[in-house]
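Q:
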Amino acid sequence: MSFAICSRNCQIRLLTGALPGDEFMALQQGMMLQIRERSAGKFVNVRVYDFFARDLVWENNLFSCPLTNLHEIPSDIWLFLAAIVDPVERLAVAQSDVRVKYILELKESDIVVASGAAFRLDVSFDAIVRYIGLVPEIGPGYYVGLEILNFKAGSSPQANELQYLGKYMSCDPSLALVIPANFIECPHGNNSENKSFKRSTKGILNGILCLTVDRVQDVKERYGSLGTRNSRRSVDKSDALKRLSLNADIEAHKARAPSPVASDSSMDLGSRKPQSISSSYSNPNLRRDDEAERAKATQVNGTKTLANSEEYVKYVENYERNLEKQKDVDRAVKMKKKPLPALPVVKPNTFLSLKDRDIVVIDKADIKESVKNESEVIVLDHVKRPSSGEVDLVDILGVNWPAAAGDVAPVLNSEKRNAPLAKNERNRSGNPISHLISTKSAERRQKDNMIRFSEESASSSFDSSTSSTNRKKPAEPHYDNVLAVVQKDDDVVAPSPMTEVPDANLGLGSVVEVSTDVSEDLYGVIRWIGYTPGNPTKTLLVGVELEEDQPERSLTLTDGSYNGVRLFKCPPGRALFIPPTQCSKDRRFQDIDRPTTSTAPDNYKLFGHMDCPSVPGSVAPLKVAKPDDLENMCGKFKGIQGHHNSCYLDATLFAMFTFTSVFDSLLFRPPESADIPHYDEVQKVLREEIVNPLRKNLFVRADRVMKLRQLLDKLSSVTGLMSEEKDPEEFLNSLLAQILRAEPFLKLSSGQDAFYYQLFVEKDERLSFPSVQQLFEQSFLASDIKLKEVPSCLIIQMPRFGKNFKMYPRILPSQVLDVTDIIEDSPRQCTVCGKLAEFECRECFGTLQCGVGLESTAFCRKCLETAHSHTKRLNHVPKEISVPHDFKIMAEHCPVPRLFMELFAVVCIETSHYVAFVKAGSGQDAPWCFFDSMADRKGELNGYNIPEMVSVTDLPQWLSEDTARTLHEAASNDKMLPDHAKRLLCDAYMCMYQSTDVMMYR
């Protein structure tokens, strides 16, 4: 299956489905298609997707399209293109290999330039990628979430329209952009140019700092809170202006970036529905209108400078004066902490508001007052004066830029990460793993040029406050400016409601290993345990702070918030909320506490982190009434864990015992004199180590099943049960017939007994999609046998030979099996008049119009004579039906009953691997689940399998006669079927039926 986009307007022809008019439809340039099948000629069978008009005429039909009118695209770019509204622009992106490659290489923490054309703005935004993925509130497809790095182009035009922003990224709405990938400007040219742009983060950050300086001057002019300068020195203005040249990387990138292909009108997203990307305009936050009045922009060597910025020159002079005074002072972050006053804090000089604090500019005269009023003040000492005349704010700040000041801090600090740290500057962390693991991961992140926001810098800033009181207070330096960081009231987080995970040796602070669907090697520390707000299922969750960022993995990571509520604090992108079953003790540190004298095999380690205690007594099977309840049960490490070709046994046991009690007599029959000596042992292992844990905890570890396999291999005549590939019928014969000596489920009129029934039929070429009901009746008719009684359980094996040959490519498992006409001495209905039948004519099977299947072979005396008066049926030899005498008396007063059995499980096989579909309740509308004992694997040679249960909400519809026929006719190729539908209809091996009436007495 591949994907394409229409490269020119053309006509396509309908293959399957229905159209209101002609069989031909016009396909517009830029529309997206899925190639379902390639014909022998120059045509392909496609399904057209119209994501914005939502015209179901396209998606519900299959069309034939000339291949020359299509441009095939990689599957990875499909969802990015789906988010582009304008079809012309969508085609232009798809046809540009450079833009496709650039979009696919985008990842979180990349620094990019975003076009303002999405909002009808002739500007560009310098931004950092914070999120790539689905945003259904805007529309279909993948969107790129950006955080604006500076205010040169103003604040976000979407600031008032991203109420859902917290679901995808942690960012101030005024700095957030969520746009399709086509609005990310792509630098063209050779690869070296592109790479150099990605690495030039220092230039971008210096530009940001320059803009911050300008903002400081605006604050000074408006509020006059900075006072006057003590003295002024003359300085060469040209040296001061060199400071602004660090924006050259951004400007050079913009010169290389091509303009969007489509016009503003065609690319405007303001008209998109549902909720649109805003097309509103926003004034820049940096008050460029004021700035223009006091400084004229000129062009010097291709770089914009402020030729007459007197205020900026004064600022540089002030810094140089302070550098000379403080040249011998060590660089450090000094934190002074005082109780928060009862009166509200007035912060007139705020020039940057962060998520949980504000940055305030104050004068030296206000330092003392600030320390009294603010909860935390960070004082920036000065470094030695550079040898050159250029003053660089990056050098001034060094590696001590506080993490509280924003996302630029870790980038600046990372550039000197390898420098040796003083004792008091050691990186600290609330996560103890950070001090135990090696530095390989940090080196790898630095090599990949990824901008990571480390928790260590944030923790260091706040941890130092506790130790600063024990150190001698240094002499107070002279400052004209300091940065005051004011902690807000909402920084307080309530403690975890629970300190330990019930029934598990885990608690707050435990070092754990996390298992997810998308990753195998996640490690972290438990920071929160409890029932989360807004969780109607009352499912216990564990909040884990991961030891590393995971930008490449599709995980829902936060800063400690869940559903908008802050539960604990950690760096952004480190908090993961999961069920306790996905946590286990970190295996890297388990050997420290484990006694070295133990030689017993550690099954807990060999088969994963899930415990599986024995459960004595009797546990009822699971019953699920609603699909939502089943959905909550399902997931990884659910069901029976597979090991060494055990799938035949895992799937069969799961089908037999999880949701039904029809086989429970096997678990509780007392031993008899004829039973083998190990009867009690086998029954106890089956009941207390497999069935009861499965029903109580919904998990059985592989070593528990291995005990049963060892006993079966030792006690039965079937060899190779420990490691070889086997079939379910071999397991049933070994367990039921030879070891447990169970009573056979089927009693045949021939005098034989059986535990399951193999369908033997001759292939009917007229049947392309037979049902189990049809094959079941044909098989009993061909063998001329009947069942003596209605069984409590009926296991039917499909007509296939070996693992490869199938008599019919698809078989529909009948939801309800009518067994009325195959039960010996059971009252039957006359196929003509509906009265009590007295005769059966096997030769009339399928020849009359008034009956279907075996039902057409039963007649009353009068209808038998009428039907066989025809010349074609004169030679038929009917047989008399034995009817109970009591029912003959009541026949005139009550209708003839029909006997039905209910489908409750289907065991399937594909490429020698068995799985199962199992019904989780009773009735035709009961939900179904899919079970695979080896759905995933962790590790290679010494790893283990991960079982999984998946809720299949569509399965009841697939089993209905009408929907199944429609699905069969629409999908001529098996690959066109949904994955679970394909396994159900194409790979069925055994169908299990039960009689809810009979099983109550067995």
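Counting in UniProt numbering, the sequence shown runs from 1 upward without gaps. C-beta atoms are modelled at their ideal positions from N, C-alpha and C, and glycine is treated no differently. For clarity, every value in this text was computed on a predicted model and none was experimentally measured.
(1) Measure how close the beta-carbons of residue 704 and residue 689 come, nearest whole angstrom, since I'm counting them as under 8 Å.
(2) With a threshold of 16 other CB atoms inside 10 Å of the CB of residue 150, please say whether the residue is buried or exposed.
(3) Quick check on residue 116: buried or exposed, where buried means 16 or more other Cβ atoms within 10 Å of its Cβ?
(4) Give me the Cα-Cα distance between residue 997 and residue 792, rounded to the nearest whole angstrom.
(5) DSSP on residue 820, reduced to helix/strand/coil?
(6) Less than 8 Å between the beta carbons of residue 541 and residue 526, yes or no?
(7) Any idea what DSSP makes of residue 142, helix, strand or coil?
(8) Within 8 Å, do at least three Cβ pairs link the segment 73–80 to the segment 137–153?
(9) Might you give, ordered along the chain, the residues of its own chain that have their beta carbon closer than 7 Å to the beta carbon of residue 783, omitting 5 neighbours on each side?
(10) Within the same chain, show all residues whose beta-carbon is closer than 6 Å to that of residue 853, passing over the 5 residues directly before and after it, in chain order.
(11) Where does residue 785 sit, in a helix, a strand or coil, going by DSSP?
(12) Quick check on residue 380: does DSSP put it in helix, strand or coil?
(13) Mapping DSSP to helix, strand and coil, what is residue 45?
(14) Determine the DSSP secondary structure at residue 655, reduced to helix, strand or coil.
(15) Nearest to residue 516 by CA position, among 544, 499 and 502, is which residue?
(16) Can you grab the Cα-Cα spacing for the pair residue 937 / residue 42, in whole Å?
(17) Would you report the Cα separation of residue 494 and residue 564, rounded to the nearest angstrom?
(18) Using 10 angstroms around the beta-carbon of residue 967, count the other beta-carbons present and answer buried if the total reaches 16, otherwise exposed.
(19) If we call anything under 8 Å between Cβ atoms a contact, is residue 1009 one with residue 781?
(20) Leaving out five residues on either side along the sequence, give the residues of the same chain with a beta carbon under 7 Å from the beta carbon of residue 972.
(21) Residue 945 bridges to which residues according to DSSP?
(22) Among the candidates 956, 912, 910 and 935, whose CA atom is the shortest distance from the CA of residue 928?
(23) According to the neighbour-count rule (16 or more other Cβ atoms, all chains shown, within 10 Å of its Cβ), is residue 868 buried or exposed?
(24) Let me know the secondary structure DSSP gives residue 336 once reduced to three states.
(25) Please state if the CB of residue 184 and the CB of residue 94 are separated by a distance shorter than 8 Å.
(26) Tell me, to the nearest whole angstrom, how far the beta carbon of residue 88 is from that of residue 186; I am working on the premise that it is less than 8 Å.
(27) Enumerated in chain order, which unbroken segments of the alpha helix (DSSP H) with a length of 4 residues or greater are wholly contained in the segment 89–152?
(28) Would you report the Cα separation of residue 880 and residue 976, rounded to the nearest angstrom?
(29) In terms of residues, what are the limits of the beta strand (DSSP E) holding residue 706?
(30) Looking at the unbroken beta strand (DSSP E) that takes in residue 510, where does it start and where does it end?
(31) If you draw a straight line from the C-alpha of residue 866 to the C-alpha of residue 899, how long is it?
(32) Note down, one range per segment and in chain order, each alpha helix (DSSP H) of at least 4 residues found wholly within the segment 851–875.
(33) Whole angstroms is fine: what's the gap from residue 531's alpha carbon to residue 156's?
(34) In whole angstroms, give me the CA-to-CA distance for residue 856 and residue 864.
(35) Buried or exposed: residue 924, going by 16 or more other Cβ atoms within 10 Å of its Cβ?
(36) On the three-state DSSP scale, how would you describe residue 641?
A: On the basis of the coordinates in this document:
(1) 4 Å
(2) buried
(3) buried
(4) 8 Å
(5) helix
(6) no
(7) strand
(8) yes
(9) 760
(10) 777
(11) coil
(12) Only weak support is given to the placement of residue 380: the predicted model assigns it a pLDDT of 48, under 50, and the value that follows is read from those uncertain coordinates. Strand.
(13) strand
(14) helix
(15) 544
(16) 42 Å
(17) 14 Å
(18) buried
(19) Outside the displayed range of the chain (1 to 1002) lies residue 1009, so it cannot be described from this structure.
(20) none
(21) 937
(22) 956
(23) buried
(24) Any reading at residue 336 needs caution, since the residue's pLDDT is 38, under 50, leaving its predicted position unreliable; the model's value is listed next. Residue 336 falls in the strand class under three-state DSSP.
(25) no
(26) With a Cβ gap of about 17 Å, residue 88 and residue 186 do not count as contacting.
(27) 97–105
(28) 49 Å
(29) Note, residue 706: premise wrong, no beta strand (DSSP E); alpha helix (DSSP H) at 702–715.
(30) Counting along the chain, residue 510 falls outside any beta strand (DSSP E), and DSSP gives it neither H nor E.
(31) 28 Å
(32) 861–867
(33) 36 Å
(34) 11 Å
(35) exposed
(36) coil
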